[in-house]
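Undergrad:
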Amino acid sequence: MNPLGVHSLVWVGELSPEPLRGAVERSREAGFDLIELSLHDPGAMDVADTRAALAAAGLDVACSRGLDFDADISSDDPRTVGRGAVQLAESVRLTRELGGRYFGGALYSALGKYPRPVTARGRANCVAVLRDLAAEAAGVTLGLEVVNRYESNVVNTARQALDLIDDIGADGVVVHLDTYHMNIEEGDLARPVHECAERLGYVHVGESHRGYLGSGTIDFPRFFRALAAIGYQGPITFESFSSAVVAEGLSNNLAIWRNLWDDGADLARHARAFVTEQLTAARMNRR
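Right under this line is the structure:
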């Protein structure tokens with residue numbers, strides 16, 4: 001079975017010790033194997049306390065983040081690129097200290113709407129920073145999450161992620177697919193999975209409106225059949241956002257304006273059951 005994860009923003013919008021301990025415990029109670037932590041406010045986190053909570057719950061951890069525009073590694077400005085490189089290196093260090101082996105997200109640019117395409121210089125800066133980061137990441141896999149055009153101008157499709165990985169030319173860099181973004185940018189939900197094949201390292205499942213799985217327009221059976229066809233055995237993490245849980249800054253960057261759900265526990269239990277059913281049906285379909 002694939003490790004099944006849940007994003008911490010299903011539970012809490014902050015990384016301070018007590019709320020984070022609660023998120024870890026509720027993730028365990030809902031039957032997940034992994035919790036994903038967004039490192040949007042790393043200074044609020046007590047790393048030792050969080051690692052102890054994860055160990056007590058028997059949960060693995062994955063980490064993610066996006067960059068701010070003043071730390072955009074796809075910028076033409078060397079100082080801006082330098083700030084982004086420092087943020088990414090610190091995030092890899094935090095991931096390792098938490099006991100995690102995966103750090104992903106839109107690592108290649110700021111997370112937000114750009115007014116113009118990325119420049120050749122900006123893309124070259126991005127490649128150079130990620131190549132150096134991969135060389136120093138020892139034991140932590142870097143995942144390039146494919147996001148929609150309103151959240152980056154660098155990587156919007158699986159093909160673009162694969163091209164960027166080829167240009168980086170380093171081991172330990174994988175594609176991170178997300179059904180929410182795929183539903184906007186890709187022609188279908190199966191082809192990108194097959195295109196990535198063994199270079200697919202992490203998966204987010206999110207509905208077209210980021211609410212309850214199965215209540216939107218995404219063709220999840222097709223997506224899970226594609227995962228089964230390539231023999232994908234990596235993590236599958238449920239990601240959902242609502243204005244009921246607010247992370248300062250990040251919620252605004254992601255345009256979380258609507259209250260899509262109130263009960264994170266019910267949402268999480270439903271998601272775990274839904275993903276398990278989809279995985280089972282896809283594997284049966286292969287036989």
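The numbers in the UniProt record's numbering rise by one with no breaks, and the one at position 175 of the sequence shown is 175.
For every residue, glycine included, the Cβ atom is placed at its ideal position computed from N, Cα and C.
Pick helix, strand or coil for Thr-237, following the three-state DSSP scheme.
TA: The count along the sequence shown starts at 1 and reaches residue 237 at position 237. Strand at Thr-237.
Undergrad: For the candidate residues Phe-274, Val-47, Gly-43, whose alpha-carbon lies nearest to that of Arg-21?
TA: In the sequence shown, residue 21 corresponds to position 21, counting from 1. The option with the nearest alpha carbon to Arg-21 is Val-47.
Undergrad: I'd like the list of long-range same chain contacts for Asp-171, defined as Cβ closer than 8 Å, with 5 residues on each side in sequence excluded.
TA: Counting from 1 along the sequence shown, the entry for residue 171 is found at position 171. The residues are Ala-134.
Undergrad: So the alpha helix (DSSP H) Leu-88 belongs to, where does it begin and stop?
TA: Taking the sequence shown and counting its residues from 1, the one referred to as residue 88 is at position 88. Here the alpha helix (DSSP H) through Leu-88 covers 78 to 97.
Undergrad: Do Val-203 and Ile-236 have their C-beta atoms closer together than 7 Å?
TA: Translated into positions along the sequence shown, residue 203 becomes position 203. Translated into positions along the sequence shown, residue 236 becomes position 236. A contact, by the Cβ cut-off of 7 Å.
Undergrad: Under 7 Å, do Val-146 and Thr-179 count as touching if we go by C-beta distance?
TA: As a position in the sequence shown, residue 146 is number 146, starting the count at 1. As a position in the sequence shown, residue 179 is number 179, starting the count at 1. No, the Cβ-Cβ distance between Val-146 and Thr-179 is not below 7 Å.
Undergrad: Checking 7 Å against the spacing of the C-beta atoms, do Ser-152 and Ser-109 come in under that value?
TA: For the purposes of this step, residue 152 is identified with residue 152 of the sequence shown, where counting begins at 1. For the purposes of this step, residue 109 is identified with residue 109 of the sequence shown, where counting begins at 1. Yes, they are a contact pair.
Undergrad: Out of Asp-132, Val-275, Asp-163, Ala-62, state which residue places its alpha-carbon closest to the alpha-carbon of Arg-199.
TA: Within the sequence shown, residue 199 is the residue found at index 199, counting from 1. The residue with the shortest Cα to Cα distance from Arg-199 is Asp-163.
Undergrad: So, are the CB atoms of Val-24 and Ala-57 less than 7 Å apart?
TA: As a first step, residue 24 must be located in the sequence shown, where it is residue number 24. As a first step, residue 57 must be located in the sequence shown, where it is residue number 57. Between Val-24 and Ala-57, the C-beta gap is smaller than 7 Å, which places the two residues in contact.
Undergrad: Would you call Glu-136 buried or exposed, if buried means 16 or more other Cβ atoms sit within 10 Å of its Cβ?
TA: Numbered from its first residue, the sequence shown carries residue 136 at position 136. Exposed.
Undergrad: Mind checking which residues open and close the beta strand (DSSP E) that includes Gly-143?
TA: In the sequence shown, residue 143 corresponds to position 143, counting from 1. Run containing Gly-143: 141 to 145, per the beta strand (DSSP E) assignment.
Undergrad: Identify, in the order they occur along the chain, each residue of the same chain with its Cβ nearer than 8 Å to the Cβ of Val-127, setting aside the five sequence neighbours on each side.
TA: Within the sequence shown, residue 127 is the residue found at index 127, counting from 1. Same-chain partners within the cutoff: Leu-164, Asp-167, Ile-168.
Undergrad: Give me the Cα-Cα distance between Leu-227 and Tyr-102, rounded to the nearest whole angstrom.
TA: Within the sequence shown, the letter at position 227 stands for residue 227. Within the sequence shown, the letter at position 102 stands for residue 102. In a straight line, the C-alpha of Leu-227 is about 19 Å away from that of Tyr-102.
Undergrad: Taking the alpha-carbon of Pro-3 as reference, which of Asn-259, Leu-279, Asn-285 has the nearest alpha-carbon?
TA: Against the sequence shown, residue 3 aligns to sequence position 3. The shortest Cα separation from Pro-3 among Asn-259, Leu-279, Asn-285 belongs to Leu-279.
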